[in-house]
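Mature numbering (1 follows the signal peptide of the UniProt record, and there is no 0) puts the sequence shown at residues -20 to -1, 1 to 309. C-beta: ideal position from N, C-alpha, C; glycine also. Some notes on the structure that comes next.
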Amino acid sequence: MSVRFPVRLVGALAATVVLASGCGAAESAESSGETRVFTADNGEITIPVDPKRVVATGYAVPALIEVDAPLVGISTWSRGLTTMNEQDRATYDELDKIAGDVAAETNYEAIANVDPDLIVIGVPKPVLADIDLARLETLAPVVAIGPNEPRQWRELSARQADAAGRLDELQALKATYEQKAAELKDTYAEALSGLSFGHVGGYGDVSAGTFQREFAGSWGTNIAQDVGVEYYGEVKEKGPGSAAVSETPAIEELSASLGEADVITYTLEPDGSPGPSVQYVLDSPLWAELPAVKAGLALPVMHTQAATYDAALRTLDSLDEALAPLMDR
């Protein structure tokens, strides 16, 4: 299946591509003990039952840091650093970086030096097509577990943790998240009843005069849905991947796109400010005329790009703060 992520996000994802050379897979297999067959995006792969030296890229980086996987090398994960807790950030900082923010920054010698017995690639399938898997497999077994749509981070993190032998740890994080989401859902059930939400995302293109409208299942909406928020509408012309749950209409279409929303949520940057594409919407005269805005029901939300359970706890905190005014209606 193909996928089309926003340009900024594709760049971050593509930067996680890791090519390896050096030690052979046979040497790694000898040190890993028992094996099992794991179903990955790249097929049925024989991997260690209990891997000891794991390399992770892309979405697998924060997921495997959270479950305390035996990581020996990771790609950089700049887009998610602000959602990491202090301990996970310290782990991230200490780990060898086997790729930077662009493919040209891949350190082949560093990959060989960490001598992994498992490589977990957490990039979208289209990016996977650009990877020389045969070359990677000369180093260690490779499992590709990447997203097609934003909402899939729950399933993907579980599969990534499973591959690394840390599924129990993942289940504990999941339980904590689900408990908090359930509590918020109960708290806001009455306040949210009957309200239709719209969301303005952070991946519009100011130079092209567009904004991003996110629907159910997208980055800005999927965690809010877990607490009972209902986003109305759907993409006019669905594309693959994130294009199935978000679109970028012209700013002139703002009223037509969000005019029926009782409440509008919008994405904030990690520092709590609107990014350029969101500020572009907020500065539009059409924004001020939207019924939800006139009613004072335009609610900012942080950490909408969370892709792990621990990071999503911070999204829930932001949602709790954002939704609080609805309790007074």
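What first and last residue would you give for the beta strand (DSSP E) that runs through residue i?
| i | result |
| --- | --- |
| residue 311 | The structure shown has nothing for residue 311, since the chain only spans -20 to 309. |
| Val34 | 34 to 38 |
| Ser55 | 51 to 55 |
| Arg193 | 192 to 194 |
| Ala278 | 278 to 281 |
| Ala79 | 77 to 79 |
| Thr26 | 23 to 28 |
| Leu98 | 98 to 102 |
| Tyr246 | 243 to 247 |
| Ala124 | 122 to 124 |
| Val180 | 177 to 181 |
If you count every other CB in all the chains shown that lies within 10 Å of the CB of residue i, and 16 or more means buried, which is it?
| i | result |
| --- | --- |
| Ala43 | buried |
| Ala79 | buried |
| Gly189 | exposed |
| Gly174 | exposed |
| Met307 | exposed |
| Ala292 | buried |
| Ala230 | exposed |
| Glu194 | buried |
| Gln285 | buried |
| Gly252 | exposed |
| Ser187 | exposed |
| Ser198 | buried |
| Ala263 | Contrary to the premise, residue 263 reads as Asp rather than Ala in this sequence. Classification of Asp263: exposed, given that the 10 Å Cβ count is below 16. |
| Gly276 | exposed |
| Ala20 | buried |
| Asp73 | exposed |
| Ala152 | exposed |
| Gly4 | Below a pLDDT of 50, predicted positions are generally treated as unreliable, and Gly4, at 47, falls in that range; the measurement from the model is reported next regardless. With fewer than 16 Cβ atoms within 10 Å of its Cβ, Gly4 is classed as exposed. |
| Arg16 | exposed |
| Ala169 | exposed |
| Ala224 | buried |
Suppose the cutoff is 6 Å on Cβ atoms and the five residues either side in sequence are ignored; what does the same chain contact list for residue i look like?
| i | result |
| --- | --- |
| Glu7 | Note that Glu7 scores a pLDDT of 48, beneath 50, so its modelled location is shaky and nothing firm can be said. |
| Ser237 | Arg193, Pro229 |
| Pro50 | Lys32, Val34 |
| Arg309 | none |
| Asp250 | It is Pro, not Asp, that sits at residue 250 in the sequence shown. Taken in chain order, the residues that qualify are Thr62. |
| Pro256 | Val186 |
| Ile25 | Phe18, Pro121, Val123 |
| Glu89 | none |
| Gly60 | Pro42 |
| Ala9 | Unreliable placement is indicated for Ala9, whose pLDDT of 42 sits below 50; no coordinate value is reported for it. |
Are residue i and residue j close, meaning C-beta to C-beta below 8 Å?
| i | j | result |
| --- | --- | --- |
| Glu227 | Val209 | no |
| Val52 | Val41 | no |
| Leu270 | Leu303 | no |
| Leu119 | Asn22 | no |
| Ile27 | Pro121 | yes |
| Leu248 | Val207 | no |
| Asn128 | Gly221 | yes |
| Thr63 | Lys77 | no |
| Phe191 | Leu234 | yes |
| Ile91 | Leu75 | no |
| Thr37 | Ile125 | no |
| Ala204 | Leu299 | yes |
| Leu108 | Ala143 | no |
Starting from residue i, trace the alpha helix (DSSP H) in both directions and tell me its first and last residue.
| i | result |
| --- | --- |
| Leu266 | 265 to 268 |
| Tyr289 | 289 to 303 |
| Val107 | 105 to 108 |
| Ile111 | Element bounds for Ile111: n/a, residue is neither H nor E. |
| Ala161 | 147 to 172 |
| Tyr260 | 256 to 262 |
| Gly203 | Strictly speaking, residue 203 in this sequence is Ile, with Gly absent from that position. Run containing Ile203: 202 to 205, per the alpha helix (DSSP H) assignment. |
| Val273 | 271 to 274 |
| Gln140 | 133 to 143 |
| Leu234 | 234 to 238 |
| Thr71 | 66 to 74 |
Between residue i and the rest of its own chain, which residues show a CB-CB distance below 7 Å, the 5 nearest in sequence each way excluded?
| i | result |
| --- | --- |
| Lys160 | Leu293, Leu296 |
| Leu150 | Val47, Ser137, Ala138, Ala141 |
| Thr71 | Ile45 |
| Thr201 | His179, Glu194, Phe195, Tyr211 |
| Asn65 | Asp290 |
| Ala287 | Tyr39, Pro42, Gly60, Trp133 |
For residue i, which residues of its own chain have a beta-carbon under 8 Å away from its beta-carbon, when the five flanking residues on both sides are left out?
| i | result |
| --- | --- |
| Lys165 | Asp206, Val207, Gly208 |
| Asp30 | Ser12, Gly13, Glu14, Gly145 |
| Val273 | Ile244, Trp267 |
| Ala241 | Ser176, Phe177, Gly178, Tyr212, Leu270, Pro271, Ala272 |
| Pro265 | none |
| Gly239 | Leu270, Pro271 |
Is the shortest distance between the beta-carbon of residue i and the beta-carbons of chain B less than 8 Å?
| i | result |
| --- | --- |
| Gly200 | In summary, chain B is missing from the structure at hand, where a single protein chain is found. |
Can you find a heavy atom of the ligand ZN that lies under 7 Å from the Cβ of residue i?
| i | result |
| --- | --- |
| Glu149 | The ligand ZN is not part of the structure shown, which contains no ligands of any sort. |
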